[in-house]
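Chains as they are written, first to last, in the numbering used here: chain S, 381 to 723; chain V, 381 to 723; chain Z, 381 to 723; chain X, 381 to 723.
C-beta: ideal position from N, C-alpha, C; glycine also.
Here the structure is laid out as structure tokens; the discussion comes afterwards.
Protein chains: 4
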Amino acid sequence: MLPISFGSDNHSGVHPLVMKALADANEGFCFGYGDDELSENVCSELANLFGGGCDVYLVMTGTGANVIALQSLLSSFNAVICAKTSHINVDECGAVQKFTQARLYPVETPDGKLSPELILPVLGGRGDQHHSQKKIVSITQNTEYGTTYTIEELKTLADFVHSRNMYFHIDGARLANAAAHLNVSLKEITKDIGADIVSFGGTKNGMMFGEAIISYVPQLTQDIIYYRKQATQLYSKHRFISAQFAAYLKDKLWFELAKKANANALILSEKLAAISQIQITQKVQANAVFLILPPDWIVSLQERYRFYMWDEDRFEARLMCSWNTTIEQIDAIVDDVKELANK
Amino acid sequence: MLPISFGSDNHSGVHPLVMKALADANEGFCFGYGDDELSENVCSELANLFGGGCDVYLVMTGTGANVIALQSLLSSFNAVICAKTSHINVDECGAVQKFTQARLYPVETPDGKLSPELILPVLGGRGDQHHSQKKIVSITQNTEYGTTYTIEELKTLADFVHSRNMYFHIDGARLANAAAHLNVSLKEITKDIGADIVSFGGTKNGMMFGEAIISYVPQLTQDIIYYRKQATQLYSKHRFISAQFAAYLKDKLWFELAKKANANALILSEKLAAISQIQITQKVQANAVFLILPPDWIVSLQERYRFYMWDEDRFEARLMCSWNTTIEQIDAIVDDVKELANK
Amino acid sequence: MLPISFGSDNHSGVHPLVMKALADANEGFCFGYGDDELSENVCSELANLFGGGCDVYLVMTGTGANVIALQSLLSSFNAVICAKTSHINVDECGAVQKFTQARLYPVETPDGKLSPELILPVLGGRGDQHHSQKKIVSITQNTEYGTTYTIEELKTLADFVHSRNMYFHIDGARLANAAAHLNVSLKEITKDIGADIVSFGGTKNGMMFGEAIISYVPQLTQDIIYYRKQATQLYSKHRFISAQFAAYLKDKLWFELAKKANANALILSEKLAAISQIQITQKVQANAVFLILPPDWIVSLQERYRFYMWDEDRFEARLMCSWNTTIEQIDAIVDDVKELANK
Amino acid sequence: MLPISFGSDNHSGVHPLVMKALADANEGFCFGYGDDELSENVCSELANLFGGGCDVYLVMTGTGANVIALQSLLSSFNAVICAKTSHINVDECGAVQKFTQARLYPVETPDGKLSPELILPVLGGRGDQHHSQKKIVSITQNTEYGTTYTIEELKTLADFVHSRNMYFHIDGARLANAAAHLNVSLKEITKDIGADIVSFGGTKNGMMFGEAIISYVPQLTQDIIYYRKQATQLYSKHRFISAQFAAYLKDKLWFELAKKANANALILSEKLAAISQIQITQKVQANAVFLILPPDWIVSLQERYRFYMWDEDRFEARLMCSWNTTIEQIDAIVDDVKELANK
């Protein structure tokens, strides 16, 4: 039997409605590379969902979405300001640097969230030929710490970014979880707050694969079609990415799945917080729970459950919930933790 | 109703056994990024199929497979010799140049096939600091013209390449079709003839997505794990690529599908060759038929069938067959062509 | 004693007036990186010489000038059309591909010169996401074959390039020789014919080092200051590049030196053409002489004179003259050739 | 009259002996690109000076030297650990990232100096495909803060670096000043302490231009000849770089000039330290003086002397001395500071 995993939301499989959509799309011939009716419809639907006035491009992986979105607005002498914990800085093996040839300026944050105050000190060197020119501020919504920017925080940040003639990028691999946490539409946390370019993830929230790039500066990003191909991210049998998104958008499945994953994390964190030896280290504003554990519990727990140590030195672990985490699975780990606590 | 397509083998869908494997794999939790039992087993199985002594890496797209395989053996000052018609030269929007920073030396060929005679004239400049250093000869098997290298041709070419201290890369997006045409094992046209690094395609032959990189110089290509991630080609929900390959390999499905596609092309070409106004321009050694048509037939045919003009100036068209092309579809286009011929 | 060299115009040294200017500039403190009065004046002077309305940037090497000029107008998915014999294609070890990540489309030419007719066949694929997008046509004036485009040819080519929404780049490592051959101003063969971006070489014509980039699309190329630094071509002690250019421009020294080098080549070619075993293979329109020699003369001549075999298979040699080649040196090699001819 | 500059050591000119060597080298023909006797001799001489067993390559600029040295040991998925204040991190407009496609891990330091303790916290992620793989630790000797690593510190650091299977790079743009400060040979602070690859600067210490790359891992760095050309750093009229180095090495001119510059800085710092409103912020171990000034002195001083504010927020200035700074110039600025102090 497979172990229960709180390791990552991508340890979960594919939602049955998405799987059914894949099977349904598998009929007859279909033009490749996005030049089919289903793909065109899904891109329109996504554009509407994000408030219109934007271009939409479908790609295969989250790293692909980030790399292409950033490339479309960068030259090699530019730089991207991001949180030190951001996926583009930590977990993509230098893909952004490789693809854009630009550099990252990672900024230390307490909770994964950037703010004008944190960004200000690294803004020097504009117009000086010796220095990389900062052009994009990139945030992750929600963050790698499971925290979520409020609408007010997003607006403040976007205004600040634009006031410095930079662009505002949102890595939304878990944007659905952010929308569900804030109980708002996708438009309200992207177009309405002043985002310039956004990725909207599907893979971590019940799709098999597939991410969308939404550009609110379409006149600047027409070249994405070439960058996508050059980045090896133009999928030939495009209908199978579009079919997934169609199912994902239908009846707000994306929202329901994210809401479920978030609710799971909240339940898990509340139950764990009641155990005195456990310290919850970050606010639970999405589907992740960060906690410090007594060191001697770790091995024992990892024998029965999959999860990652986020910071080995502090004994801080990350427990991820997903759309198909069950109350039974939550109770199982909580019971086992309690047993350790009572020893 | 969808039109019949001879446009590309990627206009076809997914084989039912592959689709079933995807559904079956969708159970419970599973580690991501290839760190699961199914992925490990499938890589072993692929390694055996290719004769052993090789490392296997799974990726999402064919361009991804080419880019990563070539990167693993190139520095930025190197060059790759390839046929002018090769996919890496024509159809990847410069992905190889972007990713490797090396350059291509495309060589004119009559039928898409390279030979020592064709390569010799471009071999100058070795050891001279002013010139890009040629390090890889890359062929497509079967070629973009639907022609297939014989085992003898492959051996001769590989020996020549090695005698010049270069490496031999095979873009095998349609390697299954080549094996089926020659009626040999994959090992016989890769390991046994002296290939160094090979891609083995699934997408064009009944899979939803998925390609394998096989390296016969594993000590030189350990870094592929990093290049794959950096190239945005490391798939998080890896089990869904592995499940497809498992079904594709079972009972030699890959071979049966390719054999069927090849047979379709042969039937189509023989029926068309019998029409006096049609000139078949390349040997049919896989699943493609190249032919010159009377110019005034083209619009009329393209209204009813999808296919591409390969060379507009010569009125040369390409008709691709796939594993699910039917005799009825072949007869339909042949009948329509005959009708035009008899007008 | 040093052998006489017809190997390259960079085998010659520095003109005494340039050397004197270097010594004169070596007084007191001076701001670096171009931020000094001398550098500003020289850039103004160059801008005037090239007709005004242009920006001027000084760099150290010819490859540096090409790489930066092309980078300023290219994205990684673009391509540059050039002659197969062009320096950027043959002699820069892939620097353009490395720096711009774009690709080159080398075109075969009889004499190193491009024309609309030669370019037309490679212009396909515009707007298609699978193909590199051609954006620049780059010529060398004069060419690597010592031939010079006429003003009419330049105009025709530039008009054609612009009609296809591309830019026109001139690698002018020997632009002085072209101007001297045509007996025109630099403005007449750059701004007036419709050039977009040009390099103007100093190193091969009597300077110690130094090239200028002239951009006639200044609003598009403001980023050159960053690309120049990133390309390692921003010289700290800038006054020493500017001082050379000041001397080079004074009293049209650049023109006089080029005229002298061209005249030397003409004399040499006429004397050699009179020897029946010698075949001059290209028109002598600058400072190079291309000729086919009896194979058994080569070793003997190369013992006494430095020169390169351009095409070993055809026994075609290149003899370069420079501003300080003397009539005695020309007579010496001609006499030795005559002696071989009379054996 | 030109203002006195404490802005940078590259605001000074060329030493007369170097200038004379340039004039002397300007005679007759000479092969280009390093293929001449003078260049070969100078490279041998440099190799001896650095202790032998190394390869030497001459380049034009300091950024060029860094970029090529690092490229020769890096793949695109690698990373370089460096001080946050290092030239490669701050002052090269992303040239290292552009050229190598690898990333930098800048580490905060109090005085520009790295140590095992400072490096340890960033060493995670080795062998994990999601993370850039650290491969080089790069230091600047002496540092951008004018501090100098002791031989003991260098040994400790090099041993640590090698114990982690990384390479040790020294950006020695001012290596001469470090040797002069420590009163040791170049060999003692490079080969003997375990350096793998080193740049040795000439431009900032009396040469017109020219830097040398010294590789102690010659079997790994044979490709530098190609990287140098590709980096636009292969100088055609190579004799003029070699002639400068020949003069620079003769009678240890490099050492004498650096000793003079260092002594100037020490005198300047001692005189300034005696003024109570001035705070010297870094140890003076080379030719730089860092100091905090009363804010209202700055404009007044900058009217008469060129120097840079290093940290505007702290009112920290940098005063650079060079080989041709005079006691009169030092006394002049000290007197003016005293006058401000006594107001």
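> If the cut is a Cβ gap below 8 Å, which residues of chain Z does Y606/X touch?
Replying inline: C473
>> Quick check on G581/S - is its C-beta less than 7 Å from some C-beta in chain V?
In response: no
>> What does the Cβ neighbour count give for L503/X, buried or exposed, with the cut at 16 atoms within 10 Å?
In response: exposed
> Which same chain residues, not among the five before or five after T583/Z, have their C-beta less than 7 Å away from its C-beta?
Replying inline: N390, G442, F589, G590 and E591
>> Closest to L426/Z by C-alpha separation, out of R684/Z, C462/Z, N644/Z and A626/Z, would be which residue?
In response: A626/Z
> From S392/S, G387/S, N406/S and F386/S, pick the residue whose C-alpha is nearest to that of Q624/S; which is it?
Replying inline: N406/S
> Whose Cβ in chain X lies nearer than 9 Å to the Cβ of Q613/V?
Replying inline: What Q613/V touches in chain X: nothing, since even the nearest Cβ is about 11 Å away.
> In three-state terms, what does DSSP make of I622/V?
Replying inline: The amino acid occupying residue 622/V in the given sequence is Ser; Ile does not appear at that position. Three-state DSSP puts S622/V in a helix.
> Are there 16 or more other CB atoms within 10 angstroms of the CB of D415/X, so buried, or fewer, so exposed?
Replying inline: exposed
> According to the neighbour-count rule (16 or more other Cβ atoms, all chains shown, within 10 Å of its Cβ), is V679/X buried or exposed?
Replying inline: exposed
> Bridge partners of T520/V, per DSSP?
Replying inline: D551/V
> Is the Cβ of Q610/Z closer than 7 Å to any Cβ of chain S?
Replying inline: yes
>> Mapping the DSSP letters down to three states, classify K663/Z as helix, strand or coil.
In response: coil
> DSSP three-state call for K617/Z: helix, strand or coil?
Replying inline: coil
> Name the DSSP bridge partner or partners of D508/S?
Replying inline: Per DSSP, none; premise fails for D508/S.
> What number of angstroms, rounded off, separates the C-alpha of I550/S from the C-alpha of V578/S?
Replying inline: 5 Å
>> Between the alpha carbons of M381/Z and L648/X, how many angstroms are there, rounded?
In response: Its pLDDT being 48, under 50, M381/Z is placed unreliably in this model, and the coordinates cannot settle the point.
> Can you give, in chain order, each stretch of the beta strand (DSSP E) that sits fully within the segment 464 to 493 of chain S and has at least 3 residues?
Replying inline: 483 to 487
> Do you know offhand how far A553/S's Cα is from Q477/Z's?
Replying inline: 33 Å
>> Is C410/V close to chain B? Criterion is C-beta to C-beta, closer than 7 Å.
In response: The structure shown contains no chain B; its protein chains are S, V, Z and X.
> Given that a residue counts as buried once 16 or more other Cβ atoms are within 10 Å of its Cβ, and exposed if not, what is Y688/V?
Replying inline: exposed
> Can you find a C-beta in chain V that's less than 7 Å from the C-beta of F457/Z?
Replying inline: yes
> For the alpha helix (DSSP H) that G444/V lies in, which residues bound it at each end?
Replying inline: G442 to Q451
>> Given a cut-off of 7 Å on the beta-carbon distance, is the pair F457/Z and G474/V in contact?
In response: yes
> Can you list the beta strand (DSSP E) stretches of 3 or more residues lying completely in the segment 559 to 621 of chain V, in chain order?
Replying inline: 577 to 581 and 591 to 595
> With DSSP run on the structure shown, which of helix, strand or coil describes C462/Z?
Replying inline: strand
>> Tell me which residue opens and which closes the beta strand (DSSP E) that R698/V is part of.
In response: E696 to M700
> Hey, does T706/Z have any beta-carbon neighbour from chain X nearer than 7 Å?
Replying inline: no
>> Taking the alpha-carbon of L494/V as reference, which of L614/V, I519/V, P501/V and Q481/V has the nearest alpha-carbon?
In response: I519/V
>> Can you pull the chain V neighbours of K478/Z, defined as C-beta to C-beta under 8 Å?
In response: S456, F457 and Q481
>> Within a Cβ cutoff of 7 Å, which residues of the same chain sit near Y596/V, ignoring the five residues on either side of it in sequence?
In response: G433, C434, K571, A575, D576 and I577
> Beta-carbon of A626/X versus every beta-carbon of chain Z: anything under 7 Å?
Replying inline: no
>> What are the residues in the segment 496 to 521 of chain Z lying within 7 Å of chain V by C-beta distance?
In response: Q509, H510, H511 and S512
>> Quick test of your reading: H561/X and T528/X, contact by CB under 8 Å. State the CB separation rounded to the nearest angstrom.
In response: 5 Å
> CB-CB under 7 Å to A449/Z, same chain, minus the five flanking residues each way: which ones, in chain order?
Replying inline: H549, I577, S579 and I593
>> Please list, in chain order, the chain V residues whose beta carbon lies closer than 8 Å to that of A403/S.
In response: M399 and A403
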